[in-house]
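Chemist: Chains as they are written, first to last, in my numbering: chain A, 656 to 993; chain B, 656 to 993; chain C, 656 to 993; chain D, 656 to 993.
Below is a structure I'd like to ask you about.
Protein chains: 4
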Amino acid sequence: MIVAMQENATDEQIDGVIGAMEEAGVHVHRTTGTIQTILAGVGPTAGLDLAQFEVLPGVEHVHRISSPYKLAGRAWRPEGTVVEFANGVRIGGDQVHVMAGPCSVESRELLEETARRVKAAGGSFLRGGAFKPRSSPYAFQGLGIPGLQLMRQVADAHGLLTISEVMEIAQIEPMLPYVDCFQVGARNMQNFNLLRELGQTRKPVLLKRGMAATLEELLLSSEYILSGGNYNVILCERGIRTYETATRNTMDIAAIPVLKKLSHLPVVGDPSHGTGRRDMVAPMAKAAVAAGADAILVEVHPNADKAASDAAQTLYLEQFEKLMAELKVIAAAVGRTL
Amino acid sequence: MIVAMQENATDEQIDGVIGAMEEAGVHVHRTTGTIQTILAGVGPTAGLDLAQFEVLPGVEHVHRISSPYKLAGRAWRPEGTVVEFANGVRIGGDQVHVMAGPCSVESRELLEETARRVKAAGGSFLRGGAFKPRSSPYAFQGLGIPGLQLMRQVADAHGLLTISEVMEIAQIEPMLPYVDCFQVGARNMQNFNLLRELGQTRKPVLLKRGMAATLEELLLSSEYILSGGNYNVILCERGIRTYETATRNTMDIAAIPVLKKLSHLPVVGDPSHGTGRRDMVAPMAKAAVAAGADAILVEVHPNADKAASDAAQTLYLEQFEKLMAELKVIAAAVGRTL
Amino acid sequence: MIVAMQENATDEQIDGVIGAMEEAGVHVHRTTGTIQTILAGVGPTAGLDLAQFEVLPGVEHVHRISSPYKLAGRAWRPEGTVVEFANGVRIGGDQVHVMAGPCSVESRELLEETARRVKAAGGSFLRGGAFKPRSSPYAFQGLGIPGLQLMRQVADAHGLLTISEVMEIAQIEPMLPYVDCFQVGARNMQNFNLLRELGQTRKPVLLKRGMAATLEELLLSSEYILSGGNYNVILCERGIRTYETATRNTMDIAAIPVLKKLSHLPVVGDPSHGTGRRDMVAPMAKAAVAAGADAILVEVHPNADKAASDAAQTLYLEQFEKLMAELKVIAAAVGRTL
Amino acid sequence: MIVAMQENATDEQIDGVIGAMEEAGVHVHRTTGTIQTILAGVGPTAGLDLAQFEVLPGVEHVHRISSPYKLAGRAWRPEGTVVEFANGVRIGGDQVHVMAGPCSVESRELLEETARRVKAAGGSFLRGGAFKPRSSPYAFQGLGIPGLQLMRQVADAHGLLTISEVMEIAQIEPMLPYVDCFQVGARNMQNFNLLRELGQTRKPVLLKRGMAATLEELLLSSEYILSGGNYNVILCERGIRTYETATRNTMDIAAIPVLKKLSHLPVVGDPSHGTGRRDMVAPMAKAAVAAGADAILVEVHPNADKAASDAAQTLYLEQFEKLMAELKVIAAAVGRTL
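Below is the structure:
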């Protein structure tokens, strides 16, 4: 960390700041310039809230020099992480994968039809929610564990992996037999107790960026899982909230290459939540793959208009099949397969 | 709800939309204009995701006409809600109250000193966190239930009420004896399962606005608590995330009068999180009271520089005492007491 | 427009609103429901500030039904606009074009080298600024008209078109001989007098989205040019300001397909300003083409580190040549040439 | 400036960065730590785009240590600037002033009535626009210079000062006789040529914060006027664009005390644009004064519903008079007069 003192800071103020830094376990180098004094601090600053130094008398600015995350940083594993699944599917390798399915699991018939078509078109994962947090208490809230059992059976029958959202610590244990990958939703990106518990499992976790989270915060959140010893973490860009209302969220496509540079973890794009509009899913899925996404997470439903949740952003099966054909060409154009 | 069809929408498209609306239980009135057709839908639209109609062929825009929340709306209780506590303190009445204390409960000595001075200066609540979610896994994480027991004892000794953050359903029951008011943090504003459970208690809940939540979403979240029969809900503005970095968050002072107009629930301002800077707490606390806040939630610590968390935004006790004197004058200027 | 009255609106309030609408030249249809009254207004609402009705007593919400823009709307020219240049280059057709060059014109040598390599790699336009608005008054401010003369000569020598930013009405006339396309920067997107004057020329105008502008506002701004009779308008997405700081701006890739759907005008992506980081330009250029961009605007400089402005986001010539090769493959993957 | 090198940066990379810094005229101090190397740069960095160093090979982060603005900084004039007007009105002193009037000058009758009531209620300035930039080309565009002449006459008759928006360099000269204070609107905050020209006058300038501008950018823009020798600059907070739609803009009340701390310039609050809603103007005006605003800028019109522009946010005269009485009490509560 670097503390830049104000031009007119007194010696007493400077000593006060040095004392506070040392008390926090930081070793301090002082540079006295003609205009201002600069204090460089070295040591265990990752857990420090630097703002506490910023408000000390005489301080102009405090800058964090080293990344606040460690295990998630690219330097920790320069070759990149590949998350491997039982059936050999590898997220983060040369092949781009697709995770598709309805927002909510609703019935065996719909799920069967979805799984069959997703598999035939080249998808690897069946996605579907069993616990549905809805912003209105008057909306459909999900099938729960029976929904996951159904999903497991249907996915197995078609040779697909399963991914579903976990919302509470109490759901982790019961979900374990049914999911190949946990999904942590945007609203839970900073539910640190949940992340810590997921770090105790060895099951892959797809961690979605929060609606107003910076990429640094996303990486800090992943650190909670990684520091428990679970290195099977996949990051997901799903759009952030901005002032623009033409799309439900603003999908930050640049997050994909930036995360790939800052971190060794695989990165997935979710154009369904990223746009909230069925008609924008295909162009944004293509953009995500062109920008380097390792996988695409997309909502699809045999009767998309009548999906129990997220209907507006859910693809029809025909649209999905067309998209898969297009994504294959884009993947090839960036030197990958799908 | 109102569906505006595109100028060139076909009869088939219009019939399709009418069919979808009716299937959702909505009664439809059709107005065929010279330029475009407008469909007005009446019925149980509060739980509907209107975006599902927006993507139907031929639709230009869908507008929600009635508020998506009901119990939280001002019309439901035009006279306004007053949340009453055992010792007679009333939030939402003529008196403005102050809730003050450290971000985290750390030790009996610090808490004693804080409580004594808060009470003497005119505060009504002792605040303090026992479960501390931190964005870095390497930071201090709180004392847990023993911290709350300590807080209860100290508060009782000084005639103060207690408020502390609940982070999981499993914490509700154990916290009940120790807190007079639950606090739901910004990160949990859309933890709907937690809100639903809090709706089953009759203990007051202070619900903080999420970092990227609209006021409508805050009111929808309050609806989860209200619909369980717990009407003791207090809303809290604590700053939103914007591009501006001079303050940690941008405190949306206008949220206070807007919420007072839209809803009957009391509204509290939190200038500590709202600004993240000790030197901006006093002007923003005054602004909040001037704009109509029913209470102020503020972080204070006898040794603010060394607070275990949120040090940068925590007031020294002397600053707090000065602020209380100033707030009394502002409260009087808007026709209230403190 | 649709005015939804509050549930408890009085007849007097309803009549007041009807009167205000009629006074504004709007024809009103009244629908009296069991719960609330809805007023549908038909007529010249494009120039009305609907908020004036929203604050009338008894009004709950006012919704604009028809688009506030007309000439920019897709319906006005469903087949799409192709902007044609003297040498046969067409923006908005099957071919994706690239506009490249330094942020600022600095010297003949640098510009010659740039033009030669841009042309050889397949670029169509030489870009370069002569009037440089800088946020600090202490920074380089541009060469002016002599810079444009230089640009014209160099571009002609290499068979390239020229594009440069116009910042004031007084610059339009002197720039006419030197530029094939005016560029209006983000800061001038709502300089309506400038747009109106550009509408009086017949020279193509590339209109950049403002840093905090919605897509609707961008289209309204284009309307100022179109309504003067200049239909040669090209829209440009160049990133918006959000809370994320990992990139200088957040490039809203979805804006490209959304604009293509809402409007008939061609759309260009600017990954240099969109990210502000040289290392993110290539993935975002590819994403933009994958999402449907008609052209890419990119900063390139023979000695990018020492460019007089925007150095951080400027590509080296070798990076540019590599990008061009990659873009050709992506363009082919979406059925276009480059 | 401080350059933090990556942990694995090579000596060659470090030398490259040192070379680039020196070439930019910066004197470099190198600190080689056990983990990383830090380069402290001293010299004329105010005009440098630091991002150019951030993208050099081996660099992790670049931090600006000293403020990029100088003349606007508090240190330059610690006692604070008071802008004085001919009739003795002083903005930035103990007295809080009010600037009020219609958004657009429309007719003598309306302006007369407004001026009379504004003066009687204690206002100091008559505000009114003559050149009206509107986002739709189909809306009312202002009266021009004759409107300003009218305003001058009416203001003089009532002992008020005048303030009106200047939108182009060409308007400065003709406006000089009619206005006591130029207003630069949010859309022109970064129209640097206009600011530079205003710096050549000695007429006070009220500079509004741009819709997506940081406070640092606002201060940098003020520097353009100050560096021309015109020290009569007044800053204005008028709301920023966020995702919240309950108000037209989000008024950043904290900007007021933050600007007062960073700069010596007076700060004005504009609750009319800050909220866009007549019913929120009074609470936000009070909040602004409570937070330390030196003046309030507010829209008022004898027939607010029918104002030619900004009707929704314009106060009726009766509302204005009530607000003035309330503001007097708030001003007294923070130790000032009005």
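Idealized CB from N, CA, C, for every residue including glycine.
Within the 7 Å Cβ cut-off, does L870(C) reach chain A?
Modeler: The count along the third sequence starts at 1 and reaches residue 870(C) at position 215. Under the Cβ distance rule, L870(C) counts among the residues neighbouring chain A, one pair being separated by less than 7 Å.
Chemist: Mind listing the chain B neighbours of E734(C)? Cutoff is C-beta to C-beta under 8 Å, in chain order.
Modeler: Walking along the third sequence from the start, residue 734(C) turns up at place 79. Contact note: E734(C) does not reach chain B at a C-beta cutoff of 8 Å; the least C-beta distance is about 14 Å.
Chemist: A988(A) and I889(C): beta carbons closer than 7 Å?
Modeler: On the first sequence, position 333 is the one that residue 988(A) refers to. On the third sequence, position 234 is the one that residue 889(C) refers to. No, they are not a contact pair.
Chemist: Pull up the distance between the alpha-carbon of P926(A) and that of E954(A), whole angstroms please.
Modeler: Taking the first residue of the first sequence as 1, we reach residue 926(A) at position 271. Taking the first residue of the first sequence as 1, we reach residue 954(A) at position 299. Using only the alpha carbons, I get a separation of about 9 Å.
Chemist: In chain B, which residues lie less than 8 Å from T686(C) when you measure between Cβ atoms?
Modeler: The count along the third sequence starts at 1 and reaches residue 686(C) at position 31. Within 8 Å Cβ-Cβ: H684, T686 and A695.
Chemist: Compare the C-beta of V913(A) against all C-beta atoms of chain C and say whether one is closer than 7 Å.
Modeler: Mapped onto the first sequence, residue 913(A) falls at position 258. Look at V913(A): its C-beta is under 7 Å from a C-beta on chain C.
Chemist: Is it a yes or a no for the region 886 to 906 of chain A touching the region 856 to 875 of chain C, going by three-plus beta-carbon pairs under 8 Å?
Modeler: yes
Chemist: Could I get the ranges of all uninterrupted beta strand (DSSP E) runs contained in the region 828 to 915 of chain D, with 3 residues as the minimum, in chain order?
Modeler: 836 to 839, 860 to 863 and 888 to 892
Chemist: Along chain D, in chain order, which residues have C-beta atoms closer than 8 Å to that of T897(A)?
Modeler: In the first sequence, residue 897(A) corresponds to position 242, counting from 1. What T897(A) touches in chain D: Y898.
Chemist: Report buried or exposed for N885(D), applying the criterion of at least 16 other Cβ atoms within 10 angstroms of its Cβ.
Modeler: Residue 885(D) sits at position 230 when you count from the first residue of the fourth sequence. N885(D) is buried by the Cβ-count criterion.
Chemist: Check each candidate in H919(D), P723(D) and L781(D) and name the one with the smallest Cα separation from G735(D).
Modeler: Along the fourth sequence, read from residue 1 onward, the residue named residue 735(D) stands at position 80. That would be H919(D), whose Cα lies nearest to the Cα of G735(D).
Chemist: Can you give the Cα-Cα distance for V714(A) and F708(A), rounded to whole angstroms?
Modeler: Locating residue 714(A) in the first sequence gives position 59, counting from the first residue. Locating residue 708(A) in the first sequence gives position 53, counting from the first residue. One C-alpha to the other measures close to 7 Å.
Chemist: Can you give the Cα-Cα distance for S877(A) and V744(A), rounded to whole angstroms?
Modeler: Here residue 877(A) refers to the residue found at position 222 of the first sequence. Here residue 744(A) refers to the residue found at position 89 of the first sequence. Looking at the backbone, the Cα of S877(A) and that of V744(A) are separated by about 22 Å.
Chemist: Which same chain residues, not among the five before or five after A695(C), have their C-beta less than 6 Å away from its C-beta?
Modeler: Within the third sequence, numbered from 1, the residue matching residue 695(C) stands at position 40. So the list reads I657 and H684, once near-sequence residues are dropped.
Chemist: Have a look at A770(B) and T969(B) and give me their C-alpha separation to the nearest angstrom.
Modeler: For this step, residue 770(B) is matched to residue 115 along the second sequence. For this step, residue 969(B) is matched to residue 314 along the second sequence. Answer to the nearest angstrom: the Cα atoms are 15 Å apart.
Chemist: So, for F847(B): in the same chain, excluding its five sequence neighbours on each side, which residues have a beta-carbon less than 6 Å away from its beta-carbon?
Modeler: Your numbering for residue 847(B) matches position 192 in the second sequence. Once the five neighbours on either side are set aside, the close Cβ partners of F847(B) are Y879.
Chemist: Keeping to the same chain, check which residues put their C-beta closer than 6 Å to that of E820(B); ignore five residues upstream and five downstream.
Modeler: Position 165 of the second sequence holds residue 820(B). Cβ within range, chain order: G784, Q838 and G840.
Chemist: Kindly indicate if chain A contains any beta-carbon less than 7 Å away from that of T930(C).
Modeler: Taking the third sequence and counting its residues from 1, one reaches residue 930(C) at position 275. True, the Cβ-Cβ gap to chain A drops below 7 Å.
Chemist: Who are the Cβ neighbours of A727(D) in its own chain at under 7 Å, not counting the five residues just before and after it?
Modeler: In the fourth sequence, residue 727(D) corresponds to position 72, counting from 1. If we look at A727(D) and ignore the five residues flanking it on each side, its Cβ neighbours are L874, S877, E878, L881, S918 and L920.
Chemist: Could you name the residues of chain D that D907(B) contacts, counting a contact when the two beta carbons are closer than 7 Å?
Modeler: By one-based count along the second sequence, residue 907(B) stands at place 252. The answer, in chain order, is E899 and T905.
Chemist: Are the beta-carbon atoms of V751(A) and L972(A) separated by less than 7 Å?
Modeler: Counting from 1 along the first sequence, the entry for residue 751(A) is found at position 96. Counting from 1 along the first sequence, the entry for residue 972(A) is found at position 317. Cβ atoms of V751(A) and L972(A): not closer than 7 Å.
Chemist: When DSSP labels each residue in this structure, what does G674(D) get in the three-state scheme?
Modeler: The residue you call residue 674(D) lines up with position 19 of the fourth sequence. G674(D) falls in the helix class under three-state DSSP.
Chemist: Tell me, which residues are paired with F975(C) by DSSP?
Modeler: Start at 1 with the first residue of the third sequence, and residue 975(C) comes out as number 320. Looking at the DSSP assignment, F975(C) forms no beta bridge with any residue, so it has no partner.
Chemist: In whole angstroms, what is the alpha-carbon distance linking T692(D) and V697(A)?
Modeler: Locating residue 692(D) in the fourth sequence gives position 37, counting from the first residue. Locating residue 697(A) in the first sequence gives position 42, counting from the first residue. In a straight line, the C-alpha of T692(D) is about 11 Å away from that of V697(A).
Chemist: Below 7 Å on C-beta distance, what does D670(D) contact in chain C?
Modeler: In the fourth sequence, the residue the question calls residue 670(D) occupies position 15. The contacting residues do not exist; D670(D) stays about 14 Å from chain C at best.
Chemist: According to DSSP, is E981(A) helix, strand or coil?
Modeler: Residue mapping note: residue 981(A) aligns to position 326 of the first sequence, counting from 1. Reduced to three states, the DSSP call for E981(A) is helix.
Chemist: Are there 16 or more other CB atoms within 10 angstroms of the CB of Q845(D), so buried, or fewer, so exposed?
Modeler: As a first step, residue 845(D) must be located in the fourth sequence, where it is residue number 190. The residue is buried, with at least 16 neighbouring Cβ atoms inside 10 Å.
Chemist: Using a Cβ-Cβ cut-off of 7 Å, state whether T902(A) counts as contacting chain C.
Modeler: Locating residue 902(A) in the first sequence gives position 247, counting from the first residue. For T902(A), the answer is yes, since a Cβ of chain C falls inside 7 Å of its Cβ.
Chemist: Span of the beta strand (DSSP E) holding L802(D)?
Modeler: On the fourth sequence, residue 802(D) is found 147 positions in, with the first residue counted as 1. Note that residue 802(D) corresponds to Gly in the displayed sequence, not to Leu. Here G802(D) belongs to no beta strand (DSSP E); instead the alpha helix (DSSP H) covers I800 to H813.
Chemist: Got a sec: which bits of the region 947 to 962 of chain D sit with their beta carbon under 9 Å from any beta carbon on chain C, in order along the chain?
Modeler: Listed by position along the chain: A959, D960, K961 and A962.
Chemist: Where G929(B) and H716(C) are concerned, what is the direct C-alpha to C-alpha distance, given to the nearest angstrom?
Modeler: Mapped onto the second sequence, residue 929(B) falls at position 274. Mapped onto the third sequence, residue 716(C) falls at position 61. Between G929(B) and H716(C), the C-alpha separation is close to 29 Å.
Chemist: Just the C-alpha distance for A862(C) and R842(C), rounded to the nearest angstrom, thanks.
Modeler: Stepping through the third sequence from its first residue, residue 862(C) is reached at position 207. Stepping through the third sequence from its first residue, residue 842(C) is reached at position 187. Here residue 862(C) turns out to be Leu, not Ala, going by the sequence shown. So the two alpha carbons sit approximately 11 Å from each other.
Chemist: In angstroms with no decimal places, state the Cα-to-Cα distance between T905(D) and L781(D).
Modeler: Here residue 905(D) corresponds to residue number 250 of the fourth sequence, with the count starting at 1. Here residue 781(D) corresponds to residue number 126 of the fourth sequence, with the count starting at 1. Cα-Cα distance, rounded: 25 Å.
Chemist: Using the three-state DSSP reduction, which class does F780(D) fall into: helix, strand or coil?
Modeler: Translated into positions along the fourth sequence, residue 780(D) becomes position 125. Residue state, collapsed to three classes: strand.
Chemist: When the Cα of D965(B) is compared with those of S779(B), G854(B), G865(B) and P757(B), which residue comes out closest?
Modeler: Indexing the second sequence from 1 puts residue 965(B) at position 310. Nearest option by C-alpha distance: P757(B).
Chemist: Please state the DSSP three-state secondary structure of V944(C).
Modeler: Residue 944(C) sits at position 289 when you count from the first residue of the third sequence. In the structure shown, V944(C) sits in a helix (DSSP, three-state: H, G or I).
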